[in-house]
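Visitor:
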Amino acid sequence: MLRKHQEISLCMIVRDEEEVLERCLRSVREVVDEIIIVDTGSVDGTREIAVKFADKVLDFKWVNDFAAARNFSFAQATKDYIMWLDADDVLQETDKDTFRKLKEELDGEVNRVTMPYHLGEDSNGNVTYSLKRNRIVRREAGFKWIGKVHEYLDVFGEAIESDVAITHKKEKSYTTRNLEIYMSMQENGEPFSLRDTIYFANELMYNDRKEEAVYYFEQFLLMDGGWVEDSIMACLHLSRCYKDRDNSKVLQYLFKTFEYDKPRAEACSEIGRYFIEHGEMQLAVFWLEMIIGLEKPDTMGSINEAVWSWMPHIDLCYCYDQLGQWEKAYEHHVKALSIVPDHPSVLFNEKYFKTRINQ
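Numbering of the sequence shown is given in our numbering, commencing with residue 115 and proceeding in unit increments.
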């Protein structure tokens with residue numbers, strides 16, 4: 115008996131996205147079978163663009179609740195699987211054939227598909243920051259979005275881990291929207307989940323309210339049941355928040371990340387840079403060299419690809435040069451050069467070493 119071909123509904127929520135929506139929809143319209151766009155109050159040309167591509171364009175009154183809007187969009191889907199995107203996301207041309215092959219793997223039993231989410235790239239197209247998201251889910255599983263802000267899909271069951279990546283090409287500047295929603299929740303006496311607590315702290319930090327952010331990060335770490343990735347993130351952010359306030363706690367929170375998992379490049383890199391700033395090059399080398407032997411975690415959490423790749427080599431080049439170990443410095447320069455040849459530090463170091471060689 116032939117297996118039924120599985121089809122995908124793309125469900126999106128948008129508002130004032132006329133600058134990027136067409137780019138997004140053009141990138142995926144050939145690989146999905148239904149496009150549903152829910153507009154939450156656009157006053158620009160978003161809706162006009164949406165109707166050119168979508169099978170359904172609906173309105174949803176904005177109620178300061180991203181999960182509610184996304185759940186409404188999912189409820190309109192009619193195909194076997196549902197995929198979600200933001201308006202400033204794209205499916206790269208190089209991933210389209212792989213996406214089509216992925217569709218062939220969907221058999222009606224798979225509940226969810228995780229995909230890499232590329233959040234930053236350098237000038238050479240190297241990914242600098244990424245995480246994994248549950249990107250496609252089986253419609254009949256009835257999965258729901260949770261959370262007014264920084265919403266997530268509450269999923270379970272059989273999964274496919276795909277290497278098809280979605281690339282985030284953010285155009286808009288950062289706003290206070292998320293912070294305002296959290297502040298409204300707080301004023302209304304709405305209870306914060308663990309996730310709300312740490313993301314509220316993040317929003318406070320992003321809006322330069324570091325003293326308040328520190329309080330909520332530390333409160334999060336005192337709570338039971340926090341996700342390992344969130345706990346590590348809280349420690350990293352606390353270290354950064356304390357940098358200009360209490361230098362003794364910078365290392366304290368970087369080392370605290372080791373309480374939750376094996377050492378990560380993100381923490382080791384910042385420890386190394388701490389010692390560079392304090393002129394302790396041998397200690398810096400110890401922590402930066404450690405990164406090279408670390409195994410990148412297979413996690414749904416965020417990954418700073420730069421510190422798992424080229425950044426330690428640039429820092430080690432500097433450290434070894436300061437220690438007078440020029441052969442080792444050059445060795446790390448060459449490694450960085452092979453990965454990010456156009457990076458300003460690499461270009462500077464290339465001139466520096468050419469000058470040394472000529473001397």
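Here a beta-carbon is modelled for each residue, glycine too, at the ideal position from N, C-alpha and C.
How big is the Cα-Cα spacing for Glu391 and Glu326?
Guide: As a position in the sequence shown, residue 391 is number 277, starting the count at 1. As a position in the sequence shown, residue 326 is number 212, starting the count at 1. Roughly 27 Å separates the two Cα atoms.
Visitor: What's the C-alpha gap between Met115 and Leu216?
Guide: Taking the sequence shown and counting its residues from 1, the one referred to as residue 115 is at position 1. Taking the sequence shown and counting its residues from 1, the one referred to as residue 216 is at position 102. Because the pLDDT at Met115 is just 45, under 50, the model does not fix this residue reliably, and the point stays unresolved.
Visitor: Does the pairing of the segment 194-205 with the segment 276-293 give three or more beta-carbon distances under 8 Å?
Guide: Yes, the segment 194-205 is in contact with the segment 276-293.
Visitor: What does a CB cutoff of less than 6 Å around Thr68 pick up in its chain, not counting 5 residues either side in sequence?
Guide: Summary: the structure shown does not reach residue 68, with the chain confined to residues 115 through 473, and so no result is reported for it.
Visitor: Going by DSSP, what residue range makes up the beta strand (DSSP E) through Leu350?
Guide: The sequence position of residue 350 within the sequence shown is 236, counting from 1. No beta strand (DSSP E) holds Leu350; the alpha helix (DSSP H) holding it covers Val342 to Tyr356.
Visitor: Is it true that the CB of Leu135 sits closer than 8 Å to the CB of Val128?
Guide: By one-based count along the sequence shown, residue 128 stands at place 14. By one-based count along the sequence shown, residue 135 stands at place 21. Closer than 8 Å, so yes.
Visitor: Considering Tyr231, what are the terminal residues of the beta strand (DSSP E) in which it resides?
Guide: Residue numbering aside, residue 231 sits at position 117 when the sequence shown is read from its first letter. Residues Arg226 to Glu235.
Visitor: My understanding is that Asp153 touches Asp173, with C-beta atoms under 8 Å, so please give their C-beta distance in whole angstroms.
Guide: Stepping through the sequence shown from its first residue, residue 153 is reached at position 39. Stepping through the sequence shown from its first residue, residue 173 is reached at position 59. Indeed they touch by this definition, with Cβ atoms about 6 Å apart.
Visitor: What does the alpha-carbon distance come out to for the pair Asp310 and Gly261?
Guide: Sequence index remark: in the sequence shown, residue 310 carries index 196 (1-based). Sequence index remark: in the sequence shown, residue 261 carries index 147 (1-based). Spanning the two alpha carbons is a distance of roughly 8 Å.
Visitor: For Phe334, does the count of other Cβ atoms within 10 angstroms reach 16, so buried, or fall short, so exposed?
Guide: The residue you call residue 334 lines up with position 220 of the sequence shown. Phe334 comes out buried.
Visitor: Below 8 Å, can you find three or more Cβ-Cβ pairs linking the segment 456-464 to the segment 402-420?
Guide: Result no; under three Cβ-Cβ pairs closer than 8 Å.
Visitor: Look at the alpha carbon of Arg354 and the alpha carbon of Leu245, and state the distance between them as a whole number of angstroms.
Guide: Walking along the sequence shown from the start, residue 354 turns up at place 240. Walking along the sequence shown from the start, residue 245 turns up at place 131. In a straight line, the C-alpha of Arg354 is about 21 Å away from that of Leu245.
Visitor: Please confirm whether Tyr374 and Tyr367 have their CB atoms less than 8 Å apart.
Guide: In the sequence shown, the residue the question calls residue 374 occupies position 260. In the sequence shown, the residue the question calls residue 367 occupies position 253. Taking 8 Å as the Cβ cut-off, Tyr374 and Tyr367 do not qualify as a contacting pair.
Visitor: May I have the straight-line CA-CA distance separating Tyr296 from Asn178, to the nearest angstrom?
Guide: Here residue 296 refers to the residue found at position 182 of the sequence shown. Here residue 178 refers to the residue found at position 64 of the sequence shown. Straight-line Cα distance between these residues: approximately 9 Å.
Visitor: What does a CB cutoff of less than 7 Å around Ile406 pick up in its chain, not counting 5 residues either side in sequence?
Guide: For the purposes of this step, residue 406 is taken as the residue at position 292 of the sequence shown. Only Pro426 meet the Cβ criterion.
Visitor: Can you tell me which of the three DSSP states His446 falls into?
Guide: Counted from its first residue, the sequence shown places residue 446 at position 332. DSSP places His446 in helix when its eight states are reduced to three.
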